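Residue numbers (our numbering): 15 to 289.
Here a beta-carbon is modelled for each residue, glycine too, at the ideal position from N, C-alpha and C.
Since this is a predicted model, take the numbers as computed values, not measurements.
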């Protein structure tokens, strides 16, 4: 949906619809909300995904901000709880975002990417959302058909498990690219496009995953500054951006699994006051 696959918009949309539908993702629905994410990255009011909740929203007004993860029960402070939540969110957070808009903005909580009348979309988007839903339904029909032909266990093995792997990688990438204790989220009085785009973190996942992910994990700053940049130029652009941005370029080379656990544990809310 970035328009970077081809100069021909029809080619971009047809290819995107087919590939997204195959992954049970409503293409146009996600295209519209993801576009707004790029336009409002790390804004508390404009962003569309990974929008942190405020301290008061979490019901922690009278609790200390550091450590941020203090809760009412010992269990919710335990490593096993945080590990469990990381696994659940990584595997199932993506479909829950599409279905219920979890991690989306507060004004659109519970909104579905599958509903043409959702608050997420404009009235003129209605039929594009319907087309997106048809694509997902076709894929779901194929999955059900092959479950009867070969068995549910076979489909789970060849489609279900890879589907969960894709979910894990996609949620992990998105969460870690936009969440870190050192990276701010802005209110309207301080936010602008460049500030938001530069609040993106490039992370090293090791050469195997870097290659499998087409280096999306460590070229994401460039992707947000130049969202229509083809992925095969992203590494080159990143090297130039590093030189220009200097200290304003965010990079973390810690193990991504450790970063995932550590970031979830420590990044629970933002303060109600400040810019």
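Give the single residue among 231, 179 and 286 whose Cα lies nearest to the Cα of residue 108. 179
Just the C-alpha distance for residue 217 and residue 189, rounded to the nearest angstrom, thanks. 11 angstroms
Residues of its chain near residue 169, where Cβ-Cβ distance is below 7 angstroms and the 5 sequence neighbours each way are ignored: 157, 160 and 161
Under 9 angstroms between C-beta atoms of residue 121 and residue 111: no
Backbone secondary structure at residue 284 - three-state DSSP: strand
Reference residue 130; option with closest CA among 50, 145, 123 and 118: 145
Count the other CB atoms, across all protein chains shown, that sit within 10 Å of the CB of residue 75; report buried if there are 16 or more and exposed otherwise. exposed
Measuring alpha carbon to alpha carbon, tell me which of 279, 239, 140 and 65 ends up nearest residue 256. 239
Beta-carbon proximity list for residue 201, same chain, < 6 angstroms, skipping 5 on both sides: 58 and 289
Report yes if the C-beta distance between residue 61 and residue 55 is below 9 angstroms; otherwise report no. yes
For the segment 203-210 and the segment 224-237, state whether three or more C-beta atom pairs, one from each stretch, are separated by less than 8 angstroms. no
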